[in-house]
Every structure is written in structure tokens, then in C-alpha cells.
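For reference, the structure is listed below as C-alpha cells.
2 protein chains.
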Amino acid sequence: MPRPRKFRESDVVSSASEVFAVHGLAAATLDDLVRATGLGKQSLYNAFGGKRELFLRALSEDREEATRAVSEALGHDDASPLERIRGHLLRMAIEFSSSDRRVSLTTRALVESTGAEDPLSTATKAGIEQLAGVYAQCLDHAREYGDIPQDANVQSLAVYFVAVTRGMELLGRAGVGRGVLTAVALDSLRVLQAQRAEEPGARPPVRE
Amino acid sequence: MPRPRKFRESDVVSSASEVFAVHGLAAATLDDLVRATGLGKQSLYNAFGGKRELFLRALSEDREEATRAVSEALGHDDASPLERIRGHLLRMAIEFSSSDRRVSLTTRALVESTGAEDPLSTATKAGIEQLAGVYAQCLDHAREYGDIPQDANVQSLAVYFVAVTRGMELLGRAGVGRGVLTAVALDSLRVLQAQRAEEPGARPPVRE
DNA sequence: CAAGTTTTTGACCGTATGGTCAATAATGTA
DNA sequence: TACATTATTGACCATACGGTCAAAAACTTG
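Protein sequences appear in the order of chains A and B. Residue numbers for the first sequence follow our numbering, so the first one is 1 and each next one is one higher. Residue numbers for the second sequence follow our numbering, so the first one is 1001 and each next one is one higher.
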């Protein structure tokens, strides 16, 4: 009955995502989006509501994609859980040291959000928790198989890896090279090799 | 001979810094800056050149301040180098889980820079290297005193800690709580407890 | 083929942006 | 006290922004 759309929402969101990844939310103009998506302003507005809403859609797609990717990287059975994490981190090091100007929408949202109640904030927090969940699952397996200490705190380690990858992303953007970023990734893995989980008495030795 | 200024540049830069830390470069309006600094638009323009230039000044001040702070935290002689790093990271965990909307100008510059030749990028890269240098110095001491393995790669570990703190900053902004952030900080320290530095043969055990 | 519904198109709008100008004020020196 | 020099003030400007409107177009169903 109604006139059919000429576009698929997913295509539009994906084009918009690209624009946002390069420019960010504030710096991307509606015109950029119109050009990138091929839609008219009004069509964009009808379908999504505005720049911010479109960003949220893109963010949510980005989150799904990121989770999916990490989930796949960590979920395969081709190697030990620990090796999978290792491989994943090394791949991140390569990705983050690429020279394109993209910044993950999650990071953008984090930085551009205006407050804790900003939908950008809540969406991002959810995304981070989701991501941490994926790491946690893999770490759980690792513990099961004895790759890491039984008493390792899987939850905080999972968040730790989210933090590390976020940090690597930022550093890559700062121009830190692939070699260094790879070294950082390998360094970060060492927390898993430590003999035992954190406990009150296990302080580092006091100097003389 | 000439009419004297009514303001001290450092005061202005510091007020501007605040604005940028809360809003970012793109989202901060000249009006925000005028209001925050108390200067007229033209005075601002005369003294600094424009929004971007003012941001660069603020960024550079921010960098100095950050370096100074970390340097002091890691340079005291009140505890072993390792303990100082520990204390510093724990303090960061607290700072980053505070609820204010500030984001370090370095992070902002990283995200808002438009390209590798953007002054924002170069300034930021320099800042990161400077910061890494401070960590490296402390790690060197730690190695000297036997707190960490002799063959530890101090350079990459230094960058690693920059990455971790950057990641913690982002996570804090995402609303990750103080407890979790503290746990992450403690986790991150474990790379230093590892028995030996990365070497080709030291792979994690392959699962069955 | 006409009615009904929604999309599309492109012109339009108020606002607020970063930046500039020209006039005025404040100072040290001569 | 006049001059030279710079700072300040507040009005001003072009532009480009996000968003809206109304008319035309495209389709399905009756």
C-alpha cells in the first residue's frame, strides 16, 4: 500500500557508521551523512529521527559487530583459550596500528557523551559489559583447562582486557607503531602467566 | 609602553582547559571559552589565535601537568619502584572512577585529531612518549633493584602502562565502578610479577 | 483506475557558529 | 601632556548547521 523505501536501513546505518567512525558525532555534519548514505535529509530524518539517533543505531550495530568478532576469535576450538586470546590481541595490535582514521564508535561515544544518563553512555556501558562477558567466557575456559590459575579473578581480568584493547586503540591512533603495539599486547598477556591471583599478603618486595 | 593585559595567559589557558576537558574541542563553543575565561572574543583571538590554537596550548599545559604528576608519583623514594607504580595505578583507578565529566585533553586530542599530520596528533604522540619515558625510568629502577626480571622489556612495558591507564580512563567514563577499576589496576601490575620476559619458546601450553 | 499511504525531493528557516572590524581605553615614554 | 603601542569592547558578518515543510512521486489495494 505505502510507497516502498529505496534503501535498506542496514546499508544506511553502515554508511553512516563509516562517517561517524572517521569524524565522530559532533564533527560529522548532516551533509556528510546525506552524501555518504545517498538519502535525502528528510528521508534520513523520517527513517531515523536525526543525527544523534542515527549515531545510536550505528553504535548499536558497531557493538554487535565487535562482540561478534571477538566472540568468534575467542570461541573457536582450534587452539587453547589462552592462545586464542593471544591471537586476538595480536590481531588487535595490527588493526589498531593501521593508518586509517577510524575510531570505534564505542570509544567515540564514550568521549562524546555528555553525561551518565546520556543514551550514548548507557549504550556504551552495556557494550563494554557485553564485551567483557565474551572475554570472561574464554577466560573461564582457560581456567577450566588449567591455562591460568584456578583462583584468577575472571571478571576483573575480562574488564582488564577490554581496558587494554581500548588503550591500544588510542595508542595506535597516536601513531605508536605496529611493533610496539604488538609488544604491548604480549606484555598484557603476562597477567595470565602470574603464579597466583591477587591476595592481601602478596605484595611486591619492599626495596631495602 | 603598550597597554598591559588584564589577564595572565596561564589562567586563561587553565580555564580553557577545563572547558575543553568537559566538552571537547569540537563541541566547545567560542562562547563557552569567552564565558569561562572572562576575556572578550577578540582578546582571546589576539592572544592565542583561535579555538584550535588555544586547545593546543591547553593540551601542552595538560601534558606537562600530567607528566609532572606521574613523574612525582613514580619518582619519590618513599617506597620501592614497584610499589610506587602500584600506588600510582590505584590512584588513577580512583581518579578515573570519579563522576565528573572531564576527559584528559590528550585523549580528546587523540580522538578529535583529523590526521597524522594534525598538530593535535603530533603533540599527543610526543606526550605519550614523554609519559612512557617516565614509566620507563621507574621500571628501570625496579629492574635495578630486582623488583622485576632482569630481562624485562622496559620500553614496551612503559608503553603498556600508558595503554592501561588510557583504557582505565575510558572505562571509568563508561561508568565502570571504582572497585572494578581498582581490580583492573591490580591485574595490570601482574605483568611485572611474571617470571621471565617474553621469549620465543615461552608459549602458553597448548590445550590437549 | 482511483484512493490511500508513505517516501522522496528540494526549497526553506532560524540559529549560532567561528571569526573580523573599527572604535575606544590604558599604559610607558618622550 | 601628547604619542605610540597594544588591549579591550561590542557590534558585525558570512556561513553552515540541524531540522522542517509542502508538494510530488511511487507503490498496493479495492
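Ideal Cβ positions, reconstructed from N, Cα and C, are used throughout, including at glycine.
Should residue i be labelled buried (16 or more other beta-carbon atoms within 10 Å of its own) or exposed?
i	result
residue 28 (chain A)	buried
residue 2 (chain A)	exposed
residue 1200 (chain B)	In this prediction, residue 1200 (chain B) scores a pLDDT of 43, lower than 50, which makes its location untrustworthy; the coordinate-derived value is nonetheless stated afterwards. It counts as exposed.
residue 1042 (chain B)	exposed
residue 99 (chain A)	exposed
residue 51 (chain A)	buried
residue 1048 (chain B)	buried
residue 1141 (chain B)	buried
residue 143 (chain A)	buried
Along the chain, where does the alpha helix (DSSP H) that runs through residue i open and close?
i	result
residue 24 (chain A)	Run containing residue 24 (chain A): none; DSSP gives neither H nor E here.
residue 1062 (chain B)	1051-1075
residue 1182 (chain B)	1178-1189
residue 1157 (chain B)	1154-1174
residue 1132 (chain B)	1119-1144
residue 31 (chain A)	30-37
residue 115 (chain A)	That residue, residue 115 (chain A), is in no alpha helix (DSSP H); it is neither H nor E in DSSP.
residue 1085 (chain B)	1081-1096
residue 43 (chain A)	41-48
Is residue j closer than 8 Å to residue i when the C-beta atoms are compared?
i	j	result
residue 1184 (chain B)	residue 184 (chain A)	no
residue 1067 (chain B)	residue 1169 (chain B)	no
residue 1163 (chain B)	residue 171 (chain A)	yes
residue 1016 (chain B)	residue 1058 (chain B)	yes
residue 166 (chain A)	residue 1179 (chain B)	no
residue 1096 (chain B)	residue 1044 (chain B)	no
residue 1022 (chain B)	residue 1101 (chain B)	yes
residue 127 (chain A)	residue 121 (chain A)	no
residue 1087 (chain B)	residue 1093 (chain B)	no
residue 265 (chain A)	residue 1026 (chain B)	A query on residue 265 (chain A) cannot be resolved here, the shown segment of chain A reaching from 1 to 208 and no further.
residue 191 (chain A)	residue 1005 (chain B)	no
residue 1063 (chain B)	residue 1130 (chain B)	yes
residue 119 (chain A)	residue 56 (chain A)	yes
Return the Cβ separation of residue i and residue j in integer angstroms, given the expectation that the two are a contact with Cβ distance under 8 Å.
i	j	result
residue 147 (chain A)	residue 81 (chain A)	6 Å
residue 1156 (chain B)	residue 1089 (chain B)	In fact, because the Cβ distance is near 17 Å, the residues do not count as touching under 8 Å.
residue 24 (chain A)	residue 1019 (chain B)	In fact, because the Cβ distance is near 18 Å, the residues do not count as touching under 8 Å.
Practice item. Determine, using beta-carbon pairs with one atom in the stretch 30-41 of chain A and one in the stretch 4-22 of chain A, whether at least three such pairs fall under 8 Å. Key: Judged by Cβ distances under 8 Å, the stretch 30-41 of chain A makes contact with the stretch 4-22 of chain A, as three or more pairs qualify.
Review point. Quick one: any contact between the stretch 131-148 of chain A and the stretch 59-76 of chain A, if contact means 3 or more CB pairs under 8 Å?
Key: Because the criterion of three Cβ pairs below 8 Å is met, the stretch 131-148 of chain A and the stretch 59-76 of chain A touch.
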